[in-house]
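Novice:
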Amino acid sequence: MRHILRETLSGLKANASMTVAVVVTMWVSLSLFGLGLLAAEQVELIKGRWYDQIEISVFMCVPDSSAPTCTPGEGTTDAQRAIIKQALEENPEVESVYYEDKAQTYQDFKEVYKDNPIINEMTEDMMQDSYRIKLKNPEEYLGVVSELSGLQGVESVQDLRKYLDPLFAWLNLARVGTIGLSVLLLVAAALQIGNTLRLAAFARRREIGIMRLVGASNWFIMLPFLLEALIAAVGGALLACGSLAALEYFVIKGRAAVQLTSVRWIDWPAVSVSMLWIVLVGVVLSVLPTIIATRRFLKV
Numbered sequence: 165m166r167h168i169l170r171e172t173l174s175g176l177k178a179n180a181s182m183t184v185a186v187v188v189t190m191w192v193s194l195s196l197f198g199l200g201l202l203a204a205e206q207v208e209l210i211k212g213r214w215y216d217q218i219e220i221s222v223f224m225c226v227p228d229s230s231a232p233t234c235t236p237g238e239g240t241t242d243a244q245r246a247i248i249k250q251a252l253e254e255n256p257e258v259e260s261v262y263y264e265d266k267a268q269t270y271q272d273f274k275e276v277y278k279d280n281p282i283i284n285e286m287t288e289d290m291m292q293d294s295y296r297i298k299l300k301n302p303e304e305y306l307g308v309v310s311e312l313s314g315l316q317g318v319e320s321v322q323d324l325r326k327y328l329d330p331l332f333a334w335l336n337l338a339r340v341g342t343i344g345l346s347v348l349l350l351v352a353a354a355l356q357i358g359n360t361l362r363l364a365a366f367a368r369r370r371e372i373g374i375m376r377l378v379g380a381s382n383w384f385i386m387l388p389f390l391l392e393a394l395i396a397a398v399g400g401a402l403l404a405c406g407s408l409a410a411l412e413y414f415v416i417k418g419r420a421a422v423q424l425t426s427v428r429w430i431d432w433p434a435v436s437v438s439m440l441w442i443v444l445v446g447v448v449l450s451v452l453p454t455i456i457a458t459r460r461f462l463k464v
C-alpha cells in the first residue's frame with residue numbers, strides 16, 4: 165500500500181499542471197451537468213404548479229361580437245348558456261365549472277383598472293360573462309377547447325397553455341443545451357485524463373515491465389494511475405458540488421426565492437440528488453479512461 169501511495173504522489177507531482185487542467189475541466193463540465201439537472205427539475209416544478217392552477221375561460225358573446233358562433237347585434241341567450249353549461253358538466257375531462265356573471269366581471273375590471281381613465285367609459289352591460297373550467301388532467305385540454313369553440317353563444321375560449329407551452333419549450337431547449345454542452349466538456353475531460361495517464365504510463369513503461377515480469381498483477385500496477393485519476397475527478401466533482409451549493413444558497417434562496425415568492429423553487433433535496441450524480445459521473449469518467457489508457461502498457 166505504501167508503494168501505491170508513493171507512486172500516486174509521484175505521478176501527481178510529475179504531472180501537476182495536467183492534473184490541475186483536468187480538475188478545472190471536470191469542475192466546469194460537472195457544474196454544467198449539475199446545472200442542467202437542476203434546470204430540468206425547476207422546469208417541472210414551475211410547469212406543474214402553473215398547469216395545476218390554470219383554468220380554461222369560456223367567454224360569452226356580446227352585441228358587438230364578430231365571432232361566427234355569435235349572432236350579430238345580440239349577446240348569448242339564456243338558452244345558449246344552458247346548453248354550454250350542460251356540455252361542460254357532461255364532459256368527462258371537466259372537474260368543476262364556475263360561472264362569472266357580468267356584475268362580477270365588472271367588479272374585477274374596476275379593481276384592476278381603478279387608476280385608469282378607461283373605467284369611466286365602461287359599463288356593466290359591456291362586460292363579458294364567462295365560465296371558468298377546472299380540468300381533471302391539466303395536460304388534456306385540446307378536446308375541451310375544440311368542443312366549446314364550436315358552440316353557439318361562445319365568442320372565444322382562452323387557455324393560457326398556448327402562451328406557456330412556448331415558454332416551457334424554450335426552457336427545455338435551454339436545459340438540453342446546457343446538458344449537451346456539459347457532455348461535450350465531460351468527453352473532453354475524459355480524453356484529457358486518458359492522455360495524461362497514457363503519458364504517465366509511457367514514462368514508467370520500463371518500471372511497469374519489470375513489475376509484470378516479477379509477477380505483479382494488473383490491478384496492482386494500475387492502481388496508482390487509477391488513484392491519480394480519481395483524485396483529479398473527485399477534486400473537480402467537489403468543486404462542482406460547491407458551485408451548486410453556492411448557487412442554491414446565494415442565488416436561489418438568497419435572492420430568487422425572496423423576490424419571486426409565487427414561484428416554487430428547487431430545494432436542497434434536488435441539489436443533493438444532482439451532487440450525487442456529479443460524483444458518480446466524475447468517478448466513472450476517471451475509471452474508464454484510466455483502464456483504457458493503461459491497458460496496452462500492461463502487456464509484456
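Quick note: to get this note's numbering, add 164 to the position in the sequence shown (first position is 1). Don't be surprised by glycine CBs; every beta carbon is placed ideally from N, CA and C. Keep in mind it's a predicted model, so treat the numbers as computed, not measured.
Return the bridge partner residues of E264 from the DSSP annotation.
Specialist: Its beta-bridge partners are S294.
Novice: Pop quiz: V186 and I357 are said to be a contact at Cβ under 8 Å. What is the actual Cβ separation, rounded to whole angstroms?
Specialist: With a Cβ gap of about 6 Å, V186 and I357 count as contacting.
Novice: Taking 8 Å as the threshold (C-beta atoms), are V258 and L299 in contact?
Specialist: Taking 8 Å as the Cβ cut-off, L299 and V258 qualify as a contacting pair.
Novice: Quick one: grab the DSSP three-state call for E412.
Specialist: In this structure, E412 counts as helix in the three-state DSSP scheme.
Novice: Give every residue of the same chain whose Cβ lies closer than 6 Å to the Cβ of T233, excluding the five residues on either side of it in the sequence, and list them in chain order.
Specialist: Counting only Cβ-Cβ distances below 6 Å, and skipping sequence neighbours, we find Q316, V318.
Novice: Which one of E412, L390, V447, D272 has the shortest CA to CA distance from M291?
Specialist: Among E412, L390, V447, D272, the Cα nearest to that of M291 belongs to D272.
Novice: Is E259 helix, strand or coil by DSSP?
Specialist: Note: E259 maps to strand in three-state DSSP.
Novice: What distance in whole Å lies between the Cβ atoms of E288 and Y270, which are believed to be in contact at a cut-off of 8 Å?
Specialist: About 4 Å separates the two Cβ atoms, so the contact holds.
Novice: From the DSSP output, which residues share a beta bridge with I220?
Specialist: The partner list for I220 (beta bridge, DSSP) reads I297.
Novice: Please return the same chain residues whose Cβ sits closer than 6 Å to the Cβ of C225, not counting the five positions on each side in sequence.
Specialist: Correct list, in chain order: C234, G239, T240, G317, E319.
Novice: Using a Cβ-Cβ cutoff of less than 7 Å, which residues in the same chain neighbour I282 once the five nearest sequence positions on both sides are dropped?
Specialist: Cβ within range, chain order: n/a, list empty.
Novice: What does the alpha-carbon distance come out to for the pair V308 and K249?
Specialist: Approximately 13 Å between the Cα atoms of the pair.
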